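Engineer: Numbering (my numbering), first residue to last: 32 to 325.
Just so it is clear, CB atoms sit at the ideal spot from N, CA and C, and this is done for glycine as well.
Note that the structure is predicted; figures quoted are calculated from it, not measured.
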């Protein structure tokens, strides 16, 4: 599995670098108030997000290099995503609410859905469900490898007497630790989103409410993008690995080759979506201030 996660990561990094450059240039017009407190807050939170990316990349490389059976290579991506989420959390916590000290405002009911970007949230949800479904299927069709490691190989019975084994395969050996790490990241994301909803208003005037809502939406968009990275990179790696194994078989179930081709086509789409989610984290100025961003 080691070569495929590396290929996926390199493709993601190249595409992300291009997309981030374009998005950053488009999101930074030449005329802007130099001392606008909102711009200062955006710059500070963006720096913390980049710190999360740097720490995540460093830890990801360390995790990938620590395991000779390629489990680390698969876990490196969600570790990276968790670090990005922590960077978002610290960045938002480091900025005081706009408009001065907290004041009493009218009673209102706020929910997470009020601030999440609709299209992006749906795409992340589809990717998360896809990752879960793929891990269930690969785990159900896994067996031990030559060294006896359970859930690390694809075992096929070929009538009348032959059999095939392909590995490494993203079975239970990989899927269970991956699911645990992704679940941990989702818990971190929930904590951030809960803080977005529960933090008090800085005031009750329409201007302050508009600025505050824009800040909440910007943070929710970044959290959504970070969750997308958390599930998107592992999904791309698992899809690429499973498709390679399924398309390399000489025999097997009737669904093997169709699913293999579907995964082969799907994984660059997942990479493209993950690049989009990355720009949501690192180029926050593209979030809209009025209405829900996409």
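Label residue 179 either buried or exposed according to how many other C-beta atoms from any shown protein chain fall within 10 Å of its C-beta, with 16 as the threshold for buried.
Structural biologist: Translated into the one-based positions of the chain shown, residue 179 becomes position 148. Label assigned to residue 179: exposed.
Engineer: Which partner residues does residue 184 have in the DSSP bridge list?
Structural biologist: Residue mapping note: residue 184 aligns to position 153 of the chain shown, counting from 1. Answer is 174, bridged to residue 184.
Engineer: Could you tell me how far apart the beta carbons of residue 305 and residue 276 are, in whole angstroms, since I believe they sit closer than 8 angstroms?
Structural biologist: Translated into the one-based positions of the chain shown, residue 305 becomes position 274. Translated into the one-based positions of the chain shown, residue 276 becomes position 245. With a Cβ gap of about 22 angstroms, residue 305 and residue 276 do not count as contacting.
Engineer: Whole angstroms are fine: how far does the CA of residue 148 sit from the CA of residue 118?
Structural biologist: As a position in the chain shown, residue 118 is number 87, starting the count at 1. As a position in the chain shown, residue 148 is number 117, starting the count at 1. For residue 118 and residue 148, the distance between alpha carbons rounds to 20 angstroms.
Engineer: Cα-Cα, which of 96, 206, 237 and 212 is closest to residue 110?
Structural biologist: In the chain shown, the residue the question calls residue 110 occupies position 79. Considering only alpha carbons, the answer is 212.
Engineer: Compute the beta-carbon to beta-carbon distance between residue 151 and residue 253, rounded to the nearest angstrom, for a pair I have assumed lies under 8 angstroms.
Structural biologist: Here residue 151 refers to the residue found at position 120 of the chain shown. Here residue 253 refers to the residue found at position 222 of the chain shown. Rounded, the Cβ-Cβ distance is 11 angstroms, inconsistent with contact.
Engineer: Alpha carbon to alpha carbon, what distance is there between residue 280 and residue 102?
Structural biologist: Numbered from its first residue, the chain shown carries residue 102 at position 71. Numbered from its first residue, the chain shown carries residue 280 at position 249. Cα to Cα, the separation comes out at about 23 angstroms.
Engineer: Between residue 271 and residue 298, is the Cβ-Cβ spacing less than 8 angstroms?
Structural biologist: Position 240 of the chain shown holds residue 271. Position 267 of the chain shown holds residue 298. Against a cut-off of 8 angstroms, the Cβ pair of residue 298 and residue 271 comes out as a contact.
Engineer: For the alpha helix (DSSP H) containing residue 198, name the first residue and the last one.
Structural biologist: Taking the first residue of the chain shown as 1, we reach residue 198 at position 167. Here residue 198 belongs to no alpha helix (DSSP H), and DSSP marks it neither H nor E.
Engineer: Distance check for residue 207 and residue 182, CA to CA, integer angstroms please.
Structural biologist: Translated into positions along the chain shown, residue 182 becomes position 151. Translated into positions along the chain shown, residue 207 becomes position 176. Computed Cα separation, rounded: 10 angstroms.
Engineer: Taking residue 307 as the reference, which of 228, 177 and 263 has the closest Cα?
Structural biologist: Position 276 of the chain shown holds residue 307. Per the Cα distances, 263.
Engineer: Roughly how many whole angstroms lie between the Cα atoms of residue 313 and residue 85?
Structural biologist: Translated into positions along the chain shown, residue 313 becomes position 282. Translated into positions along the chain shown, residue 85 becomes position 54. Distance between the alpha carbons of residue 313 and residue 85: 12 angstroms.
Engineer: Any idea what DSSP makes of residue 179, helix, strand or coil?
Structural biologist: The residue labelled residue 179 in the question sits at position 148 within the chain shown. Coil at residue 179, not helix or strand.
Engineer: Using three-state DSSP, classify residue 230 as helix, strand or coil.
Structural biologist: Sequence index remark: in the chain shown, residue 230 carries index 199 (1-based). In this structure, residue 230 counts as coil in the three-state DSSP scheme.
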